[in-house]
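To keep things clear, I will list the structure first and then write my remarks on it.
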Amino acid sequence: ALTWTKKYNPPLSLPLPGAQPSISNAEGDILFLLDSSGSVSYYEFSKVKEFMWDLVRPFSFGPKDVQTSIIHISTTPTMEFPFDRYQSRGGVQQAIRDTRQLMGDTNTGQALSYAKEKFFSNEAGARPEVPKVLVWVTDGFSTDDISEPMQLLKDMGVTVFIVSTGRGNYLELSAAASQPPEKHLHFVDVDDLPIITKELRDAMLAGETISLGLSWRVLSWLRTNIHLLGSSSTSWKQTMLQKEITPAQLLISESSPHSFQVSWAPTPDSVAAYQVLYGPLPGDSAQLLEVDGKRNSTVVENLAPNTTYLVTVTAIYRSGKEKSLSAKACTFASKTWAPTP
Numbered sequence: 012a013l014t015w016t017k018k019y020n021p022p023l024s025l026p027l028p029g030a031q032p033s034i035s036n037a038e039g040d041i042l043f044l045l046d047s048s049g050s051v052s053y054y055e056f057s058k059v060k061e062f063m064w065d066l067v068r069p070f071s072f073g074p075k076d077v078q079t080s081i082i083h084i085s086t087t088p089t090m091e092f093p094f095d096r097y098q099s100r101g102g103v104q105q106a107i108r109d110t111r112q113l114m115g116d117t118n119t120g121q122a123l124s125y126a127k128e129k130f131f132s133n134e135a136g137a138r139p140e141v142p143k144v145l146v147w148v149t150d151g152f153s154t155d156d157i158s159e160p161m162q163l164l165k166d167m168g169v170t171v172f173i174v175s176t177g178r179g180n181y182l183e184l185s186a187a188a189s190q191p192p193e194k195h196l197h198f199v200d201v202d203d204l205p206i207i208t209k210e211l212r213d214a215m216l217a218g219e220t221i222s223l224g225l226s227w228r229v230l231s232w233l234r235t236n237i238h239l240l241g242s243s244s245t246s247w248k249q250t251m252l253q254k255e256i257t258p259a260q261l262l263i264s265e266s267s268p269h270s271f272q273v274s275w276a277p278t279p280d281s282v283a284a285y286q287v288l289y290g291p292l293p294g295d296s297a298q299l300l301e302v303d304g305k306r307n308s309t310v311v312e313n314l315a316p317n318t319t320y321l322v323t324v325t326a327i328y329r330s331g332k333e334k335s336l337s338a339k340a341c342t343f344a345s346k347t348w349a350p351t352p
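Residue numbers (this note's numbering): 12 to 352.
Structure, rendered in structure tokens:
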């Protein structure tokens, strides 16, 4: 958590719409781990940048206040700017606005190892005696291991906050975040990041209590995005309650030991393509299928028998906007035949 130099008294009256009370008595180094890989759409990248600025906007910046930096997650981790580069709100705002997506692979583990070096580096402008806060906004997937470098960061005193935009493995992310996870892990759609901004900022400052527990947040996110209509041994059906989010229905059917069919509806004309991402639970591996925007189903093959999979169907609009829906699916156990005596 960030350090207070004096007690913060919130204003008695509510701020005007769009305005936020200034916070001039906090001190700490805040590092954003920004997914800049090719798996993130331009729309999602821009929304995350807006969230980053909204999160730190009330702070005062300087050598005795808050400092911030950005590390890109890509094929090779890259620091956008060091902690001590910008010492004013205007400078930080413009730096975040000017940040450009690098594309490449999602090597989060490498970025975390790089972050460990920069968090304690004079060259990067880090300060040795102030609290360290890592904010990682993620879709939940990485092409390399994150557990060891993340644990090293936490062992060195870094407080880790994780914001998952809805496709992550809960068990993996709850282990990666600082403990307890109910204070350090959020699940939210990328369009709804503003909902958690104040709560996350308060958690960074207080380090003690948050108004909403993780169980409420997870259930609220699930209620908002996924509602289980019914299931059987061969199919799962879910619908998005937010009417602006598509696909609205997701059906897993024709399950076998090594495959199942994924179907969705509706298929709006504004969708250019669909992506079907699937991987075993628990686990950190995933495969991606590209499907034409006019199709409403595909068959997922070469699966392991008797395994639960998380399946995410993402509608990619021609505007660049993306909307996703997830469901669980199970393959059957392989039949074994005993020889006839």
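Glycine is no exception: its CB is placed at the ideal position from the N, C-alpha and C atoms. Model, not experiment: these values are computed from the prediction.
Q: For the stretch 99 to 165, list the alpha helix (DSSP H) runs that are entirely contained and at least 4 residues long, ordered along the chain.
A: As far as the stretch 99 to 165 is concerned, its whole alpha helix (DSSP H) runs of at least 4 residues are 100 to 108 and 119 to 130.
Q: Please go through the stretch 173 to 206 and give each complete beta strand (DSSP E) segment of 3 or more residues, from N-terminal end onward.
A: 196 to 198
Q. Based on the DSSP secondary-structure assignment, which residues constitute the bridge partners of His83?
A. By 1-based counting over the sequence shown, the position of residue 83 is 72. According to DSSP, His83 bridges with Leu45 and Thr89.
Q. So, do the stretch 320 to 334 and the stretch 37 to 50 have three or more beta carbon pairs nearer to each other than 8 Å?
A. A contact is defined here as three or more CB-CB pairs under 8 Å, and the stretch 320 to 334 fails this definition with respect to the stretch 37 to 50.
Q. Can you name the start and end residues of the beta strand (DSSP E) that Glu301 belongs to?
A. One-based indexing of the sequence shown puts residue 301 at position 290. Counting along the chain, the beta strand (DSSP E) containing Glu301 begins and ends at Gln298 to Asp303.
Q | Residues near Asp303 by beta carbon distance below 7 Å, same chain, minus five either side | A | Locating residue 303 in the sequence shown gives position 292, counting from the first residue. Only Ala284 meet the Cβ criterion.
Q. Using the beta-carbon count (16 or more within 10 Å), is Pro316 buried or exposed?
A. Counting from one through the sequence shown, the residue named residue 316 turns up at place 305. By the 10 Å Cβ count, Pro316 comes out exposed.
(Q) Looking only at its chain, what residues have a beta carbon closer than 6 Å to the beta carbon of Thr10, apart from the 5 residues adjacent to it on each side? (A) Coverage of the chain is limited to positions 12 through 352, which leaves residue 10 absent and any answer about it impossible.
Q) Rounded to a whole number of angstroms, what is the C-alpha to C-alpha distance between Leu314 and Ser270? A) Taking the sequence shown and counting its residues from 1, one reaches residue 314 at position 303. Taking the sequence shown and counting its residues from 1, one reaches residue 270 at position 259. Taking the straight line from one Cα to the other gives about 6 Å.
Q | Val311 vs Leu321 beta-carbon contact at 8 Å | A | Along the sequence shown, one-based indexing puts residue 311 at 300. Along the sequence shown, one-based indexing puts residue 321 at 310. No, the Cβ-Cβ distance between Val311 and Leu321 is not below 8 Å.
(Q) Here's the rule: buried if 16 or more other CB atoms are within 10 angstroms of the residue's CB, otherwise exposed. What is Lys305? (A) Translated into the one-based positions of the sequence shown, residue 305 becomes position 294. Exposed, because fewer than 16 other Cβ atoms sit within 10 Å of the Cβ of Lys305.
Q) How big is the Cα-Cα spacing for Thr208 and Pro268? A) On the sequence shown, position 197 is the one that residue 208 refers to. On the sequence shown, position 257 is the one that residue 268 refers to. Computed Cα separation, rounded: 43 Å.
Q: For the beta strand (DSSP E) holding Phe271, just list the boundary residues, first then last.
A: As a first step, residue 271 is located in the sequence shown; it is residue number 260 there, counting from the start. Element bounds for Phe271: Phe271 to Ala276.
Q) Is it true that the CB of Leu211 sits closer than 8 Å to the CB of Val171? A) Mapped onto the sequence shown, residue 171 falls at position 160. Mapped onto the sequence shown, residue 211 falls at position 200. Contact flag unset, no.
Q: Label Pro74 either buried or exposed according to how many other C-beta atoms from any shown protein chain fall within 10 Å of its C-beta, with 16 as the threshold for buried.
A: Here residue 74 refers to the residue found at position 63 when the sequence shown is read from its first residue. Exposed, because fewer than 16 other Cβ atoms sit within 10 Å of the Cβ of Pro74.
Q.
Quick check on this structure: which residue in Asp116, Asp200 and Gln112 has the alpha carbon closest to the alpha carbon of Ser85?
A. On the sequence shown, residue 85 is found 74 positions in, with the first residue counted as 1. When only C-alpha atoms are compared, the closest one is Asp116.
Q) Can you tell me whether DSSP reads Lys332 as helix, strand or coil? A) Here residue 332 refers to the residue found at position 321 of the sequence shown. Correct three-state label for Lys332: coil.
Q. Hey, out of Glu61, Asp65 and Glu134, whose CA is closest to Phe94's CA?
A. Along the sequence shown, one-based indexing puts residue 94 at 83. Comparing Cα-Cα distances from Phe94 to each of Glu61, Asp65 and Glu134, the minimum goes to Glu134.
Q: Would you list the one or two residues that DSSP bridges to Thr318?
A: Along the sequence shown, one-based indexing puts residue 318 at 307. Looking at the DSSP assignment, Thr318 forms no beta bridge with any residue, so it has no partner.
Q | Status (buried if at least 16 other CB within 10 Å, exposed otherwise) for Gly39 | A | Translated into the one-based positions of the sequence shown, residue 39 becomes position 28. Counting Cβ neighbours within 10 Å, Gly39 comes out buried, since at least 16 surround it.
Q: Identify, in the order they occur along the chain, each residue of the same chain with its Cβ nearer than 6 Å to the Cβ of Ser201, setting aside the five sequence neighbours on each side.
A: Counting from one through the sequence shown, the residue named residue 201 turns up at place 190. Residue identity differs from the one stated: residue 201 is Val in this sequence, not Ser. Cβ within range, chain order: Glu55, Lys58 and Thr176.
Q | Nearest-angstrom Cα separation, counted from Pro277 out to Ala340 | A | The residue you call residue 340 lines up with position 329 of the sequence shown. The residue you call residue 277 lines up with position 266 of the sequence shown. Inter-residue distance for Ala340 and Pro277 is about 20 Å (C-alpha atoms, whole angstroms).
Q. To which residues of the same chain is Asn307 closer than 7 Å at the C-beta, ignoring the five residues directly before and after it?
A. Locating residue 307 in the sequence shown gives position 296, where the first residue counts as 1. These residues qualify, in order along the chain: Ser274, Trp275, Ala276 and Thr278.
Q: Would you tell me roughly how many angstroms separate the C-alpha atoms of Pro142 and Met90, rounded to the nearest one?
A: Against the sequence shown, residue 142 aligns to sequence position 131. Against the sequence shown, residue 90 aligns to sequence position 79. The straight-line gap from Cα to Cα measures roughly 20 Å.
Q | Beta-bridge partners of Gly290, as assigned by DSSP | A | Along the sequence shown, read from residue 1 onward, the residue named residue 290 stands at position 279. Beta-bridge pairing links Gly290 to Leu321.
Q: Using beta-carbon positions only, say whether Leu204 and Phe62 come within less than 8 Å of one another.
A: Start at 1 with the first residue of the sequence shown, and residue 204 comes out as number 193. Start at 1 with the first residue of the sequence shown, and residue 62 comes out as number 51. Yes, the pair counts as a contact, with Cβ atoms nearer than the cut-off.
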